[in-house]
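Step one of this worksheet: look at the structure below.
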Amino acid sequence: MKTVRAGVIGVLLAAGTVLAPQPASAAPFDLAGWATQGGGTTGGGNASPVTVTSSSALISAMQSSSPAVIRVSGSIAISGMQKVASNKTLIGVGSTAAITGGGLNIANASNVIVRNINFRGWSDDAINVQYSTRVWIDHNQFSNGNDGAVDVKRASDYVTVSWNKFIDHDKTMLLGHSDSNGGEDRGKLRVTYHHNWFAGTNQRHPRVRFGNPVHVYNNYYASIGSYGVASTMEAGVLVEGNYFENTEDPFHRGEGSSPAGSLVARNNHFVNSGSGDAGGSVRSIPYSYTLDSASSVKSSVSSGAGTGRI
Numbered sequence: 551m552k553t554v555r556a557g558v559i560g561v562l563l564a565a566g567t568v569l570a571p572q573p574a575s576a577a578p579f580d581l582a583g584w585a586t587q588g589g590g591t592t593g594g595g596n597a598s599p600v601t602v603t604s605s606s607a608l609i610s611a612m613q614s615s616s617p618a619v620i621r622v623s624g625s626i627a628i629s630g631m632q633k634v635a636s637n638k639t640l641i642g643v644g645s646t647a648a649i650t651g652g653g654l655n656i657a658n659a660s661n662v663i664v665r666n667i668n669f670r671g672w673s674d675d676a677i678n679v680q681y682s683t684r685v686w687i688d689h690n691q692f693s694n695g696n697d698g699a700v701d702v703k704r705a706s707d708y709v710t711v712s713w714n715k716f717i718d719h720d721k722t723m724l725l726g727h728s729d730s731n732g733g734e735d736r737g738k739l740r741v742t743y744h745h746n747w748f749a750g751t752n753q754r755h756p757r758v759r760f761g762n763p764v765h766v767y768n769n770y771y772a773s774i775g776s777y778g779v780a781s782t783m784e785a786g787v788l789v790e791g792n793y794f795e796n797t798e799d800p801f802h803r804g805e806g807s808s809p810a811g812s813l814v815a816r817n818n819h820f821v822n823s824g825s826g827d828a829g830g831s832v833r834s835i836p837y838s839y840t841l842d843s844a845s846s847v848k849s850s851v852s853s854g855a856g857t858g859r860i
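For the sequence shown, the numbering used here begins at 551 and goes up steadily by one.
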């Protein structure tokens with residue numbers, strides 16, 4: 551593993567120099583990336599945990615105005631998009647905790663953590679983040695839903711999406727919902743995506759508008775249908791140290807009617823995959839992070855991503 555620091559990254563991006571990662575050992579599960587910024591993300595902090603087993607108890611706890619650590623036990627069916635208020639930690643118990651049928655709406659909130667939950671069969675989005683900051687989405691599993699699995703939009707900022715597993719889904723992760731929303735989104739939508747496992751998913755891993763820098767590192771892309779990462783509409787995306795397997799289009803600039811953004815790619819590993827389309831420059835990364843060797847990412851992510859790992 552290699553720790554990369556902000557000053558070094560800024561110089562490397564400006565100079566176009568490739569940083570050679572070191573062989574990786576087991577990667578840590580601690581918070582890293584953009585959600586460490588802006589004061590950091592602690593969720594419910596030291597609040598006494600409460601365990602919920604029903605939709606009514608879950609909704610009541612996560613919409614409370616007080617900080618809360620909410621332990622989700624068993625499978626809980628909800629309908630529609632249910633709001634999550636500020637200063638909340640939602641964490642599944644064991645490997646079977648699930649939220650089904652509906653999704654979480656992290657809207658006009660800050661300091662929220664969602665970990666170790668299986669999301670299945672959602673009708674809109676599994677997790678929607680809008681007008682919110684300091685959000686960490688970690689070690690969840692997403693499958694068989696309707697629209698987005700994890701969508702971040704409308705001036706949201708300081709978000710980390712890490713160690714999640716996405717299975718057989720189409721529109722995986724949207725970052726920025728519209729080309730016309732620059733008035734709200736410029737200077738925001740800064741998100742880190744690391745150590746996620748995309749297994750047979752189709753597109754948007756992520757699809758990015760305006761966010762710069764957006765950091766996509768050490769993810770495992772396996773048999774992606776349409777494309778991996780798309781940088782569009784003034785975005786700047788750093789794609790580094792990822793493992794692309796059976797992925798014809800790992801990354802590109804522009805998508806649909808959205809014009810090309812900037813994308814810097816380095817130290818990625820390709821197995822039976824295309825080479826991708828990169829170009830332009832990306833702003834420097836302001837935080838330190840540990841970069842695994844790309845060739846080791848398949849092993850570390852397939853053994854560490856998803857539920858039941860923390």
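A virtual CB, placed ideally from N, CA and C, is assigned to each residue, including glycine.
Segment contact flag, the region 819 to 838 with the region 794 to 801, C-beta cutoff 8 angstroms, min 3 pairs: Judged by Cβ distances under 8 angstroms, the region 819 to 838 makes contact with the region 794 to 801, as three or more pairs qualify.
Touch test, the region 588 to 602 against the region 713 to 724, Cβ-Cβ under 8 angstroms, three pairs minimum: no
Opposing strand residues paired with N668 [DSSP bridges]: A648, Q691
heavy atom of the ligand MN below 7 angstroms from G761 C-beta: This structure lacks the ligand MN, and indeed carries no ligand of any kind.
Span of the alpha helix (DSSP H), counted from its first residue to its last, around E798: Per DSSP, E798 belongs to no alpha helix (DSSP H) and is neither H nor E.
Given S625 as reference, the closest of M631, S614, N817, A647 once Cα atoms are compared: A647
DSSP-derived helix/strand/coil call for M723: coil
Nearest neighbour of T710, chosen from N690, G653, G695 [CA to CA]: N690
Separation of A699 from H675, as counted between CA atoms: Looking at the sequence itself, residue 675 is Asp, so the reference to His does not match. Rounded to the nearest angstrom, the gap between the Cα atoms of D675 and A699 is 6 angstroms.
Between the CA atoms of G826 and P800 - distance to the nearest angstrom: 5 angstroms
Endpoints, alpha helix (DSSP H) assigned at A738: It is worth fixing the name first, because residue 738 is Lys in this sequence and not Ala. Here K738 belongs to no alpha helix (DSSP H), and DSSP marks it neither H nor E.
Own chain partners of D688 with C-beta closer than 6 angstroms, once the 5 adjacent residues on each side are dropped: So the qualifying residues of the chain are R665, S712, W713.
Three-way DSSP call (helix, strand, coil) for D842 in this model: coil
Same chain only: Cβ atoms within 8 angstroms of S849, ignoring 5 sequence neighbours per side: For S849, there are no CB contacts under 8 angstroms within the same chain when 5 residues up- and downstream are skipped.
Spatial neighbours of G630 in its chain, beta-carbon cut-off 6 angstroms, leaving aside the 5 residues before and after: These residues qualify, in order along the chain: G652.
Proximity below 8 angstroms, CB of R670 to CB of T650: yes
Extent of the continuous alpha helix (DSSP H) to which G854 belongs: Where G854 is concerned, the enclosing alpha helix (DSSP H) stretches over 847 to 854.
Backbone secondary structure at L581 - three-state DSSP: coil
N683 in three-state terms, based on DSSP: Correcting the residue type first, residue 683 is Thr in the shown sequence and not Asn. T683: strand per DSSP, three-state reduction.
Pair within 8 angstroms by beta-carbon distance, N661 and S636: Taking 8 angstroms as the Cβ cut-off, N661 and S636 qualify as a contacting pair.
Touching by the beta-carbon criterion (3+ pairs, under 8 angstroms), the region 576 to 590 and the region 736 to 755: In short, these stretches touch, since the Cβ pair count reaches three.
Exposure label - D580; buried when at least 16 CB within 10 Å: exposed
Cutoff 7 angstroms; reference N696; Cβ partners in own chain excluding five residues on either side: The beta carbon of N696 sits closer than 7 angstroms to the beta carbons of W672, S673, D674 from its chain, once the five residues preceding and following it are set aside; these are given in chain order.
Assumed close pair S706, S682 - CB separation to whole angstroms, cut-off 8 angstroms: Contact flag correct, Cβ pair sits at about 5 angstroms.
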